[in-house]
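Peer 1: Dumping the structure here so I can ask a few things about it.
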């Protein structure tokens, strides 16, 4: 691993034109790290043309950016991204940006039944990390979901572990003690209860 940052213009050219994925990876991370309006504009312009692995890495790097435009980019990408690998990175990065826009984007992701259960579940967990913007009733709703292998149910139970509310504690206690719950869901609830 090397440290190589030739500046805004050169990073932009590398991200756009380099035939080597590693060069584009370094340029994308550099632009995200700069965190300026111009660097984020360059990322926004070239994101869609990159390989899915690079898109995921760029989204992960934006999770550390404090620029308000970073949230806007991540929210836009969450709506347009079709590959779950990159979607997962976007969702994890949004968890680091506690804002109404982030919470709204994550709620739309959960509600979109075109997304996989894994992605919708990851969005539930990230939504539980939104602080005052967390939508606890939505998370509580999915603790009774009976979809494929109770996948969303398990993610919702995990998400409740990030909350420190009485209602979350009560739900987790009920799930732990309910013999009719799936074994995996009860196991998730035990771990979440300790965190809660």
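In this note's numbering, the protein residues as written are -17 to 178. All C-beta atoms in this analysis are idealised placements derived from N, C-alpha and C, irrespective of residue type, glycine included. Just so we're clear, the structure is a prediction, and the values are computed from it rather than from any experiment.
1. Alpha helix (DSSP H) containing residue 83: first to last residue?
2. Am I right that residue 101 and residue 47 are in contact with their C-beta atoms under 8 Å? What's the rounded C-beta distance?
3. Find out if the Cβ-Cβ distance for the pair residue 22, residue 70 is shorter than 8 Å.
4. Look up residue 30 in the DSSP assignment and say whether it is helix, strand or coil.
5. Nearest-angstrom Cα distance between residue 156 and residue 62?
6. Flag this pair as yes or no: are the beta carbons of residue 177 and residue 143 separated by less than 8 Å?
7. Can you tell me whether residue 4 is buried or exposed? The criterion is at least 16 other CB atoms within 10 Å of its CB, across all chains shown.
8. In angstroms, rounded to a whole number, what distance separates the CA positions of residue 20 and residue 104?
9. Taking all protein chains shown into account, decide if residue 152 is buried (16 or more other Cβ within 10 angstroms of its Cβ) or exposed.
10. From this set, 161, 169 and 114, which residue's C-alpha is nearest residue 138's C-alpha?
11. Alpha carbon to alpha carbon, how far is residue 148 from residue 136?
12. Going by alpha carbons, who is nearest to residue 98 out of 134, 115, 172 and 146?
13. In whole angstroms, give me the CA-to-CA distance for residue 87 and residue 28.
14. Taking its Cβ as the centre, do 16 or more other Cβ atoms sit within 10 Å of residue -15, making it buried, or is it exposed?
15. Would you report the Cα separation of residue 141 and residue 131, rounded to the nearest angstrom?
16. Assuming contact is defined by CB atoms lying nearer than 8 Å, are residue 24 and residue 13 in contact in what I supplied?
17. Of the choices 165, 150 and 160, whose alpha-carbon is the least far from that of residue 174?
18. Given that a residue counts as buried once 16 or more other Cβ atoms are within 10 Å of its Cβ, and exposed if not, what is residue 159?
19. Can residue 41 and residue 68 be called in contact, C-beta distance under 8 Å?
20. Is the CB-CB distance between residue 92 and residue 76 below 8 Å?
Peer 2: So, from the data block:
1. Its alpha helix (DSSP H) spans residues 82 to 93.
2. For a cut-off of 8 Å, the C-beta gap from residue 101 to residue 47 is around 22 Å, too long to register as a contact.
3. Taking 8 Å as the Cβ cut-off, residue 22 and residue 70 do not qualify as a contacting pair.
4. The DSSP-derived three-state label of residue 30 is helix.
5. When rounded, the distance between both Cα atoms is 38 Å.
6. Taking 8 Å as the cut-off, the Cβ atoms of residue 177 and residue 143 count as close.
7. Around the beta carbon of residue 4, a 10 Å sphere encloses fewer than 16 other beta carbons of the protein chains shown; the residue is thus reported as exposed.
8. Their Cα atoms are separated by approximately 30 Å.
9. When all chains shown are included, residue 152 counts as exposed.
10. Nearest option by C-alpha distance: 169.
11. In this structure, the alpha-carbon of residue 148 lies about 19 Å from that of residue 136.
12. That would be 134, whose Cα lies nearest to the Cα of residue 98.
13. So the alpha carbons of these two residues sit roughly 21 Å apart.
14. That one is exposed.
15. Approximately 17 Å between the Cα atoms of the pair.
16. Result yes, Cβ atoms of residue 24 and residue 13 sit closer than 8 Å.
17. Among 165, 150 and 160, the Cα nearest to that of residue 174 is on 150.
18. By the neighbour-count rule (16 or more Cβ atoms within 10 Å), residue 159 is not buried but exposed.
19. With respect to the 8 Å criterion, residue 41 and residue 68 are classified as neighbours on the basis of their beta carbons.
20. No, the Cβ-Cβ distance between residue 92 and residue 76 is not below 8 Å.
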